[in-house]
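Enquirer:
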Amino acid sequence: MDKTTKNNRPTVIIGAGPAGLTAGYELSKFSENAVILEADHTVGGISRTVSYRGYRFDIGGHRFFSKVPYINELWQEILPEGFLLRPRLSRIHYQGHFFDYPLKVTNALAGLGLVEALLVCFSYSKAKLLPSAEDDNFEQWIANRFGHRLYRIFFKTYTEKVWGMPCHTISADWAAQRIKNLSLREALYNAIFNNGHTRKGKLITSLIEQFHYPRLGPGMMWENCKTVLARKNSPTVFGERVTGIRHKSGFVECISSQNQAGEKTQYDGSNYVSSMSLKELILGLDPPPPDQVLQAAKSLRYRDYLTVVLVVNRENIFPDNWIYVHTPEVKLGRVQNYKNWSPEMVPDSCKTALGLEYFLWEQDEEWRWPDERLIETGIRECAQIGLIQPEEVEDGTVVRMKKAYPVYDQNYHRSLQIIRQYLARFTNLQTIGRNGLHRYNNQDHSMLTGVYAARNIMGEKHDLWSVNTEKEYHENGILQGETQSGGDRLVPVGGPPESSSLPVSALESTNAAGRQQILEEAFALLDPLALGLAVGLVCGFGLFLAGVLLLLKGGETVGPNLSLLRHFLPGFTVSWPGVFLGFVEAGVGGFVLGNIAARLRNGLMFAYAGIVRRRAEAEENPDILDKI
Amino acid sequence: MPILQESQAIPKNIVRIQAGIWGFVLAAFSGLMLFAMTAWLLIKGGQSVGEHLSLLGNYFPGYSVSWSGSFVGMFYGMLIGGIAGWAIGLIYNKVVDWRIRGK
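As structure tokens, this is what we get:
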């Protein structure tokens, strides 16, 4: 840390979600004060826990697992004794059947019925034998791996419910970030040195089977974090909606906010960290940015989320933590059973609270429906798919969450580039979190952006926009100075903490070069022409020599047995012209054999590489739906 | 993942054959093959054992379809196989070098 911000003014953080609170928490480790402004009246952002008559529920389910070691440490640090280790069970509801998720072949085929199962097998085989050369949108990616039929059954409707757009229009960026295609080289390296399995693959699989969860929901953690911060003189101010960001010459001077009573307050800070949506941030700048930037901000879209909570008078409804509802006849996207996340989420163990999740646009008619109508719809749809009887429902409530998901449409990337370029001029403003970066981050990645923002204030240089773009960058423990593996975009601008920067980078380059060399040697191609010529020449010369030896030896009938080769080599005899002809013919035969052998070997190697890659991808992505 | 993409992602290096190793492998293979073929005919037995295989004696002095001949055959098989393997490796590498220089 080569810079401190010791002055009278705190850092102003906009938003008390995971990113904002983590930024404040990280700053507090350096004895830096912050003030956190929250437009709402509760902490946690989309990771909050809402309480309704003692029933607690999430805005979506938030499993606590991260491949970033530092984030795992932070969780334990903020909430040292509040975590439960919970088993994970989730299924897909489709056309009256429940299918295990992650998918299991026998269960899936049994649920589909004989005819559909056969069609699925045909479709799957076709995808394996004749995959599409295109692999760059969600529909193609899934269809290439599972076949079109399985894609239509298990992926299409749910994805379209969540995102409100056809799967083939979901940007390739989405697939790159959420699905995370593996590097073939990494997969091959693991196949050679790790007996075909990735260390991470095993870790991921085990994390999918169970997960950590605060006993009173994720809000418990953020409430705790808020309390810790308040003790360290970094208060959270609720009900403060940021309305203006005054700036001059690339420097934010102050932020103005307004509470629900309409009272305005001005906050002067040394640094500003914003997790509010980029759209609102840009539109709130004073003076406004150039028109192009304004238009870019206006074009950013967000998917909104609404959950209908039903209190059901039944002890056990289903054993799952959540159920994906693929059935197209209902608008319901997912059903959460909070009691199965933590038994303490319900005040009465004889009852169950279900969260019916709907993914909408703010402009949708349903978004504006009164709560009673939404609850009625929820009860009807829940009964329609056979989960409950309407008369079992005792109570219900509705929670709406605007801007829950940043949308990756066809224009977002260009707009984001423009905004990013413009924001780069600010020396004391950073944007973090899911909406601050317009990136579909999970809680852990959002927290990581908060950590990096705080460290940037303390003089380090981290590129916040690279979080969750290249998984290796963060997941291999850069914050702890562990070794990372390969990738051009993996090194943060300016390098990691000084204590580990030199040895790590030296080791990285050695490892990368070593891996590259190993792969190049293991998977180098045989040159079919060269092998053909080599085998051809040796065969031709061998036959020529055999003939010549017999001719030199002489005798009454020279080489009667060798001459039998004429059945295969037309015109061949053990004679001087015959041996020259034999040289040519055996040479051609040898050339063909050598050439075919080289091509076969190269083809088998590609096939092997494909198998390795698919196996590694399956290991890496056994939970694709969770990432949608 | 279509094969096309695998072929694009795999390093495009052309393998160089280690002529000595190819020679050794082919030597071991041909020596053992000739030994096994001779031994098989001997075990099988019959009136005229290895009538055709013994014609190799034209090229390999001392070779016959007999137990002692099988060891002689193994020696010659190794010798010829070793030379052939080494020659294939050598020629292959020369052609590859020549082709790369040509590019």
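Order-wise, the sequence lines are chains A and B.
Count along the first sequence from 1, then add 3; that gives the number in my numbering.
Count along the second sequence from 1, then add 75; that gives the number in my numbering.
Think of the CB as a built atom: it goes at the ideal place given N, C-alpha and C, for glycine as much as any other residue.
1) Which residue spans inside the segment 80-133 of chain A form an unbroken beta strand (DSSP E) run of at least 3?
2) List the residues of chain B whose Cβ lies closer than 9 Å to the Cβ of residue 553 of chain A, in chain order.
3) Contact check, residue 586 of chain A vs residue 543 of chain A under 8 Å by CB: the rounded distance?
4) For residue 127 of chain B, does the count of other Cβ atoms within 10 angstroms reach 16, so buried, or fall short, so exposed?
5) Use the C-beta contact count for residue 537 of chain A: other C-beta atoms within 10 angstroms, 16 or more gives buried, fewer gives exposed.
6) Verify the CB distance criterion: does residue 695 of chain A have a CB-CB separation below 7 Å to chain B?
7) Where does residue 268 of chain A land, buried or exposed, given buried means 16+ other C-beta within 10 angstroms?
8) Return the residues of the segment 121-153 of chain B that lie within a Cβ-Cβ distance of less than 9 Å from chain A, sorted by chain order.
9) With 7 Å as the threshold, decide whether the Cβ of residue 540 of chain A is near any Cβ in chain B.
10) Identify which residue in A:105, A:314, A:441 has its Cα closest to the Cα of residue 385 of chain A.
11) How big is the Cα-Cα spacing for residue 294 of chain A and residue 360 of chain A?
12) By how many angstroms is the C-alpha of residue 115 of chain B removed from the C-alpha of residue 108 of chain A?
13) By Cβ distance, which residues of its chain are closer than 7 Å to residue 344 of chain A, with the 5 residues on each side in sequence left out?
14) Residue 1 of chain A to residue 270 of chain A, Cα distance in whole Å?
15) Can you tell me which of the three DSSP states residue 164 of chain A falls into?
16) Using a Cβ distance threshold of 8 Å, determine whether the segment 379-394 of chain A contacts the segment 15-29 of chain A, with at least three qualifying pairs required.
17) Measuring only between beta-carbons, confirm whether residue 564 of chain A sits less than 7 Å from chain B.
18) Measure the CB-CB distance between residue 53 of chain A and residue 60 of chain A and report whether it falls below 7 Å.
19) Chain B beta carbons: is any one of them nearer than 7 Å to that of residue 456 of chain A?
20) Using only CA atoms, which one of A:447, A:339, A:304, A:437 lies nearest to residue 414 of chain A?
21) In chain E, which residues lie with their C-beta within 8 Å of the C-beta of residue 532 of chain A?
22) Does residue 146 of chain A come within less than 7 Å of chain B when only Cβ atoms are used?
23) Looking at C-alpha atoms only, which residue of B:104, B:90, B:146, B:89 is the closest neighbour of residue 159 of chain B?
24) Residue 55 of chain A and residue 312 of chain A look like a contact to me (Cβ under 8 Å); what is the Cβ gap, rounded to whole Å?
25) Among the candidates A:66, A:595, A:248, whose CA atom is the shortest distance from the CA of residue 218 of chain A?
26) Which residues in the same chain have their Cβ closer than 8 Å to the Cβ of residue 569 of chain A, if we skip the five residues on either side of it in sequence?
27) Within 10 Å of its beta-carbon, does residue 353 of chain A have 16 or more other beta-carbons around it, so buried, or fewer, so exposed?
28) Give me the Cα-Cα distance between residue 449 of chain A and residue 85 of chain A, rounded to the nearest whole angstrom.
29) Using beta carbons (cut-off 7 Å, strictly below), is residue 100 of chain B in contact with chain A?
30) Measuring straight from C-alpha to C-alpha, what distance separates residue 62 of chain A and residue 240 of chain A?
31) So that I know if they touch, is there some Cβ in chain A lying closer than 7 Å to that of residue 94 of chain B?
32) Would you mind giving the Cβ-Cβ distance between residue 42 of chain A and residue 439 of chain A, rounded to the nearest angstrom? I have them listed as a contact below 8 Å.
33) Starting from residue 397 of chain A, trace the beta strand (DSSP E) in both directions and tell me its first and last residue.
34) If I follow the unbroken alpha helix (DSSP H) through residue 247 of chain A, where does it start and stop?
35) Looking at C-beta atoms only, is the number of pairs between the segment 421-439 of chain A and the segment 280-299 of chain A that lie closer than 8 Å three or more?
36) Count the other CB atoms within 10 Å of the CB of residue 366 of chain A; is the residue buried (16 or more) or exposed (fewer)?
Expert: Looking at the coordinates:
1) 86-90, 93-97, 100-104
2) 133, 134
3) 4 Å
4) exposed
5) buried
6) Nothing can be reported for residue 695 of chain A, as the shown portion of chain A is limited to 4 through 631.
7) Of the residues assessed, residue 268 of chain A falls on the exposed side of the cut-off, its CB having fewer than 16 other CB atoms within 10 angstroms.
8) Listed in chain order, the positions of the segment 121-153 of chain B with a beta carbon within less than 9 Å of a beta carbon of chain A are 127, 130, 133, 134.
9) yes
10) The residue with the shortest Cα to Cα distance from residue 385 of chain A is A:314.
11) 37 Å
12) Their Cα atoms are separated by approximately 49 Å.
13) Correct list, in chain order: 64, 89, 216, 324.
14) Outside the displayed span of chain A (4 to 631) sits residue 1 of chain A, for which this structure offers no information.
15) Helix, per DSSP.
16) no
17) yes
18) Yes, the pair counts as a contact, with Cβ atoms nearer than the cut-off.
19) no
20) A:304
21) The structure shown has no chain E; the protein chains it does contain are A and B.
22) no
23) B:104
24) Between the beta-carbon of residue 55 of chain A and that of residue 312 of chain A there is about 6 Å, and that keeps the pair under the 8 Å contact cut.
25) A:66
26) Once the five neighbours on either side are set aside, the close Cβ partners of residue 569 of chain A are 575, 576.
27) exposed
28) Annotation: residue 449 of chain A to residue 85 of chain A spans about 21 Å, alpha carbon to alpha carbon.
29) no
30) 22 Å
31) Chain A places no beta carbon closer than 7 Å to that of residue 94 of chain B, leaving this residue out of the contacts.
32) Their Cβ separation, rounded to whole angstroms, is 14 Å, which puts residue 42 of chain A and residue 439 of chain A out of contact at 8 Å.
33) 396-409
34) Element bounds for residue 247 of chain A: not the alpha helix (DSSP H) but the beta strand (DSSP E), 244-251.
35) yes
36) exposed
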